[in-house]
Every structure is written in structure tokens, then in C-alpha cells.
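The structure appears below as C-alpha cells.
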Amino acid sequence: MISRVRNVVNSVMGGLAALPQPPERPQPDDLELKYPYCRPEFLQLSQDEIQVSADHVSRPIMVPREPNRLPWSAGYAEVINAGKSPRNEDQAATTQLSISRPARTPNRNTNKANNKGNNGNSGEDNLQQEAMAEETEEMDELHFTYFGVFDGHAGTGAAIMASRTLHYHIRDKMAEVSELLLPVTYEDQNHPGTGSNHGSGSGKPSSKVITKEHLIIGALERSFCEMDSQIERERLTFRITGGCTALVAVFVLGKLFLVNAGDSRAVLCRNGEAIPMSRDFTPESERQRLQYLAHLHPHLLYNEFTALEFPRRLHKTDLGKQTLYRDHTMTGWAPKTVTEDDLKFPLIFGEGKRCRVLATIGVTRGFGDHDLRVYDSHCLIKPFLTAAPEIQTYDMMEQRFGEDDFLIMASDGLWDVVANQDACNVVLDALTQFHPQDPNRYTSAAQELVMHARGTLQGKGWRRPAEDKPASGDDITAFIIPMYHYGNQHLSSPTLLSESEESSTREMETETEAEADPRPDSLEP
Ligand code: MG
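Sequential numbering from 981 applies to the sequence shown in the working numbering.
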């Protein structure tokens, strides 16, 4: 593949001279490493254990030493690839965070007003009472639980950075709209800019009704964008290698938000049935988006590639003959006469796991890859990649979940060889062997699932003996998240909000911008 591209590139080098050249950047090898290689913190691995976990011959499956370090004793297991890269390029993270602001109620405000003017106490007494009130003031809080899977490529830097940082971006983006997310207060209700429709009568134009769900989705989208921008900025001062996909689950406001930028996958198992919770983004599934981008900005192809897709690679002997093609407007095929332009290497070429963008990369969404180029060329890949996620929401309050209902989040190393329903069946079988309250229950199920995909070493290759099929040689990462905990927690906590508390239409830009702080480059505390 690479040699073919090299030929294509060499044949058009004359044409490159006239194209703008990218600015010189510091060589990554000269920069200090942003993060040393590590495994997820909740595994609690020593340096020796990290080395053992990277053994490509035995491929040990690593699980948390203390499963209750994960929220709801969720299950987790991982295994390194079969030699594809020296290190495990997958990463994972989980945490529980909250945003808060002082609770404000009509009663408290009334009392404070009374304390200041009409209670007959001395000024000193009033100050003491106000100080005590400050100390005991209630906080409105919004809790969320977060799980993330990051599948790295061409290095471990971007995946490690995302696993260490993305949840802080999410927290901060939610905090920027905390005034709109947290309970509607006395002031909110009396604010002249609030209300569901002020178009008639107030003289203001009608505004859209924006729910809290919309605000969470907006915060998640912005946090993904900010994560990628942070890598782009900090790669100039630190060594942050490669790129990564990102699959994130956020449990908040009684809902599950599945945020996906890449080809990791989330599958919900409810009553034994597998329900897809994300779509895989690949060069094939994103063909039309990529072709449209090339159509709008043909210079991104550096005169080396064609945006059209053909049933096979065309050669000089095809010139003037009829072929089939499709462009960004088409899902079907149409005939055309082959021209010189059609002989260029296709923007998207290959099938299945071998399909590549610009003959270089097999993923289309995620973080990093800002300096990735076509081999031996100035042609940048990044313009075709996006950090923009697709978000699916699932109302956790609409139905009750049992102890055998769970969410699987796993990197493509699992899904390459295990179908959704098969994965659910493997986990269900494993769960039957444990008491529902056993904290090891979901971790053992995750271990079984990863073992099912990794298989066993037979001769020179890894195979799955149950099906007598090839096993996965990729890094494999899997969370098994029990679903019943969140519903119970949400119903029992008075500080958590229900969807019915809709955020009324507001003067959103004015209010949120006034609240926002300038954010530092690094959001880690
Ligand atoms: Mg992978």
C-alpha cells in the first residue's frame, strides 16, 4: 500500500512545488514527553506489572485489583495486542465528578433581607449570623459518572492525554452552563429574560425552547472539540504522539449519554438483548462526508488523490473505457468514461478493516494526528479527521433495570471478532456464576469477554477454540457497567434532577458568557 502511494507521490512531485508548504515545527523527538507510558490508574499496576502486561507472547489479561475502585463496581479488563505495537495503545478512564453552586431559595433571600434591616440586632450580630449562614449554605449539585475508552494509534500520547484530561473538559463545559442546569431558583423565575416564550407581548422575538439535555449535549460536543484543540496547542511544547478514538458514557440528569468519535462501540444488554448504543465511524461509513470535504476543498488532495470511488483501482489501460463510480452525492453507482484524473489514488481505498483514508489511516474521528501526513508527502490527513462526536441519549428513568442488565464499552479489538449479541451472551453466562452483590461479578465477566476475543495461542497464532476462528490480535479494552445502580441512585438522591425540569428559554449567550472563566491550557488540578 505504502509503495503504491510512494509511486503516486513521486509521479506528481513536480506539481507539489507550487503548493503551499506547511510551516516548520519542532521535531517531536526533541520535546519533553507530556505523559510517560502508563496504564489506567484504577488498575493500580506497579512499573513491573506494567512491563509484564506488555508481554506479547503471553498476553496477560489485566483486571482491577480492587473492583470497587470503579463506580458501581463496574467490570474492566484489557489485554495488549499480539505484536502490532510495542505498547498497549488503548487507554481507559472512569470517575465521578460534580458541579455545584450555592443554593438560592426565596426563603433564604427573604431571611437575609430581614437579617440586614429589620431584626433589631446589632450590626456585629448580623455579620456573625451572615457568616454562619454562609458556612451552612446549601449547594445545588449536579453529579455525573463518566467512563471513557480511547483507542490509540501511531503512539500512546494522545490516548493517554485524553484519558487523563477529557473528563475535566466535560466538567468545565457543564459548569459553564451550571446556572441553566441546576434547579430553577426564585431569581430565575423572576428574571425578565426567562420563560418559555416571550415573543408575543414582550416585544422580543420568539426563542427556541432549549432543554437541559440539549445543554449537556452541547457541553459534551464542546469538550471533545476542546480536548482536540488542547492536543493541537500542547504538541508544540510537549511530545504527544499519535491519535486516538474516543468513546465516552456519561450518566447525568437521569440519562445516559453515549458520546462516540471513532470505531470503539457501546452495546446495551437489556433482558438478554443486545441494543447498539453507538455507530462505528470508519472510512467506509464516512465516505460521503470525506468526499464532500474533498469536493469543497480539492487542494486538500494535493493533486495526488481523486475524491471519486471506483469498484477497483484503475490503470492506464482503462483510459477511455467505461467504469462505475460514486461521489459525495451518491450511495449507488453510475457509469462514466475513465480520464487521467481517475487514475490517481482514491481518497478512500480498501475494504473493511483495510480501508484507509489517503492510503494512511483507518479511523476518521478522534483526537490528535495533527502532524500526520501521507507517506513521503506534504499531504496532511488531519483536515479529513474530526473530533466531533455523535451522541445518543437513553432515558434511564423510563424503565427499571435488573442486575443482569449492563452496558459494554469496548475498543474495536473486541468487536473485530465478537458480534454484539455474542458479547452479551458471554457476559450473561459469566454473571450467573456470581452472587449479584459480589463486587468481582462484573470484573470477572469483563475478563471472560476479553479472553473470548483474545483466544489462546495455538502454534504461531491466536485462535478462539470455541469457534475455531482467528482471535483478535489488536489491543482489547472492555468495560462492563451495571445499569441498575444509576437508576436507584438517581431516584434516591434529592439533589439530582429529572428531565421534567426543563431549562426555559433564556438569554443564553449573555448569561453563560458572564459566568465563564478563561480556561487554562491544562485542566488537570
Ligand atoms: Mg484497536
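Glycine included, every Cβ here is placed at the ideal spot set by N, Cα and C.
> Between the C-alpha atoms of glycine 1573 and aspartate 1321, what's the straight-line distance to the nearest angstrom?
Replying inline: Within the shown structure, residues of the chain are numbered from 981 to 1505, placing residue 1573 beyond reach of any answer.
> Any idea if alanine 1226 is buried or exposed, counting beta-carbon neighbours within 10 angstroms, 16 or more meaning buried?
Replying inline: Looking up residue 1226 in the sequence shown gives position 246. It is buried - the Cβ of alanine 1226 has at least 16 other Cβ atoms within 10 Å.
> Is the stretch 1365 to 1377 touching the stretch 1401 to 1412, taking contact as three or more C-beta pairs under 8 Å?
Replying inline: no
> Using DSSP with H/G/I as helix, E/B as strand and the rest coil, what is arginine 1336?
Replying inline: One-based indexing of the sequence shown puts residue 1336 at position 356. Here arginine 1336 sits in strand by DSSP.
>> For the stretch 1255 to 1269 against the stretch 1132 to 1146, do three or more pairs of beta-carbon atoms, one drawn from each stretch, fall closer than 8 Å, so that the two count as touching?
In response: no
>> Rounded to whole angstroms, what is the Cα-Cα separation between isoleucine 1255 and aspartate 1070?
In response: If you number the sequence shown from 1, residue 1255 lands on position 275. If you number the sequence shown from 1, residue 1070 lands on position 90. Near 24 Å, if we compare the C-alpha coordinates of aspartate 1070 and isoleucine 1255.
> glutamate 1121: which of Phe1130, Gly1132, Ala1139 and Ser1080 sits nearest, CA to CA?
Replying inline: On the sequence shown, residue 1121 is found 141 positions in, with the first residue counted as 1. For glutamate 1121, the closest of Phe1130, Gly1132, Ala1139 and Ser1080 by C-alpha to C-alpha distance is Ser1080.
> What first and last residue would you give for the alpha helix (DSSP H) that runs through threonine 1145?
Replying inline: Mapped onto the sequence shown, residue 1145 falls at position 165. Unbroken alpha helix (DSSP H) run through threonine 1145: 1137 to 1156.
>> Can you tell me whether asparagine 1061 is buried or exposed? The criterion is at least 16 other CB atoms within 10 Å of its CB, across all chains shown.
In response: Translated into the one-based positions of the sequence shown, residue 1061 becomes position 81. The residue is buried, with at least 16 neighbouring Cβ atoms inside 10 Å.
> Cβ of serine 1424 versus every heavy atom of the ligand MG: is any distance shorter than 7 Å?
Replying inline: As a first step, residue 1424 is located in the sequence shown; it is residue number 444 there, counting from the start. Not so, every heavy atom of the ligand MG lies at least 7 Å from the Cβ.
> Quick one: is the Cβ of serine 1391 within less than 7 Å of any heavy atom of the ligand MG?
Replying inline: Position 411 of the sequence shown, counting from 1, holds the residue named residue 1391. Yes - the ligand MG has a heavy atom lying nearer than 7 Å to the Cβ of serine 1391.
> Is it true that the stretch 1120 to 1137 meets the stretch 1213 to 1225, where meeting means three or more beta-carbon pairs spaced less than 8 Å apart?
Replying inline: yes
> Taking the C-alpha atoms as reference points, what is the distance between leucine 1387 and alanine 1246?
Replying inline: For the purposes of this step, residue 1387 is taken as residue 407 along the sequence shown, with counting starting at 1. For the purposes of this step, residue 1246 is taken as residue 266 along the sequence shown, with counting starting at 1. Each residue's Cα considered, the two are about 7 Å apart.
> Any idea what DSSP makes of histidine 1178, helix, strand or coil?
Replying inline: Here residue 1178 refers to the residue found at position 198 when the sequence shown is read from its first residue. Low confidence applies to histidine 1178: its pLDDT is 39, below 50, so where it sits in the model is not reliable, and the reading given next is rough at best. If DSSP states are grouped into helix, strand and coil, histidine 1178 belongs with coil.
>> Can you list, in chain order, the residues of its chain with a C-beta nearer than 8 Å to that of glutamate 1193? Leave out the 5 residues immediately preceding and following it.
In response: Locating residue 1193 in the sequence shown gives position 213, where the first residue counts as 1. Hits under 8 Å: Leu1233, Lys1235, Thr1373 and Glu1479.
> For phenylalanine 1285, which residues from the same chain have a beta carbon less than 7 Å from its beta carbon, with the 5 sequence-adjacent residues on both sides left out?
Replying inline: Counting from 1 along the sequence shown, the entry for residue 1285 is found at position 305. Excluding residues within five positions, the ones whose Cβ falls inside 7 Å are Lys1324, Phe1325, Pro1326, Leu1327 and Leu1338.
> Going straight from the alpha carbon of glutamate 1058 to that of serine 1357, what length do you get?
Replying inline: To locate residue 1058, count along the sequence shown from 1; it is residue 78. To locate residue 1357, count along the sequence shown from 1; it is residue 377. The alpha-carbon atoms of glutamate 1058 and serine 1357 are separated by roughly 36 Å.
> So cysteine 1404 is in the alpha helix (DSSP H); what residue range does that whole segment cover?
Replying inline: By one-based count along the sequence shown, residue 1404 stands at place 424. Residues 1400 to 1411.
> For lysine 1188, which three-state DSSP category applies?
Replying inline: Within the sequence shown, residue 1188 is the residue found at index 208, counting from 1. Note: lysine 1188 maps to coil in three-state DSSP.
> Roughly how many angstroms lie between the CA atoms of threonine 1090 and arginine 1151, to the nearest whole one?
Replying inline: Position 110 of the sequence shown, counted from the first residue, corresponds to residue 1090. Position 171 of the sequence shown, counted from the first residue, corresponds to residue 1151. Any reading at threonine 1090 needs caution, since the residue's pLDDT is 38, under 50, leaving its predicted position unreliable; the model's value is listed next. The straight-line gap from Cα to Cα measures roughly 32 Å.
> Is there contact here, the stretch 1025 to 1045 with the stretch 1427 to 1442, by at least three beta-carbon pairs under 8 Å?
Replying inline: The stretch 1025 to 1045 is in contact with the stretch 1427 to 1442.
>> Out of Tyr1272, Leu1238 and Arg1345, which one is the CA nearest neighbour of isoleucine 1371?
In response: Taking the first residue of the sequence shown as position 1, residue 1371 is located at position 391. It is Leu1238 whose Cα lies nearest to the Cα of isoleucine 1371.
> CB aspartate 1454 to CB glycine 1393, shorter than 8 Å?
Replying inline: For the purposes of this step, residue 1454 is taken as the residue at position 474 of the sequence shown. For the purposes of this step, residue 1393 is taken as the residue at position 413 of the sequence shown. A contact, by the Cβ cut-off of 8 Å.
>> So, at 8 Å on beta carbons, what are the nonlocal neighbours of leucine 1200 in its own chain, with the 5 sequence-adjacent residues on each side left out?
In response: For this step, residue 1200 is matched to residue 220 along the sequence shown. Closer than 8 Å at the Cβ level, and outside the excluded window around leucine 1200, lie Ile1150, Lys1153, Val1228, Val1230, Phe1237, Val1239, Pro1369 and Ile1371.
> Who pairs with glycine 1055 in a beta bridge, going by DSSP?
Replying inline: Indexing the sequence shown from 1 puts residue 1055 at position 75. Paired residue(s): Ile1460.
>> Contact between the stretch 1406 to 1425 and the stretch 1282 to 1300 is defined here as three or more beta-carbon pairs at a separation below 8 Å; is this criterion met?
In response: no
>> Between which residues of its own chain and histidine 1295 is the CB-CB distance below 8 Å, once the five residues before and five after are set aside?
In response: On the sequence shown, position 315 is the one that residue 1295 refers to. If we look at histidine 1295 and ignore the five residues flanking it on each side, its Cβ neighbours are Leu1323.
> Along the chain, where does the beta strand (DSSP E) that runs through aspartate 1131 open and close?
Replying inline: Along the sequence shown, one-based indexing puts residue 1131 at 151. From DSSP, the beta strand (DSSP E) with aspartate 1131 extends over 1119 to 1133.
> Where arginine 1293 and valine 1318 are concerned, what is the direct C-alpha to C-alpha distance, given to the nearest angstrom?
Replying inline: The residue given as residue 1293 occupies position 313 in the sequence shown. The residue given as residue 1318 occupies position 338 in the sequence shown. Distance between the alpha carbons of arginine 1293 and valine 1318 is about 11 Å.
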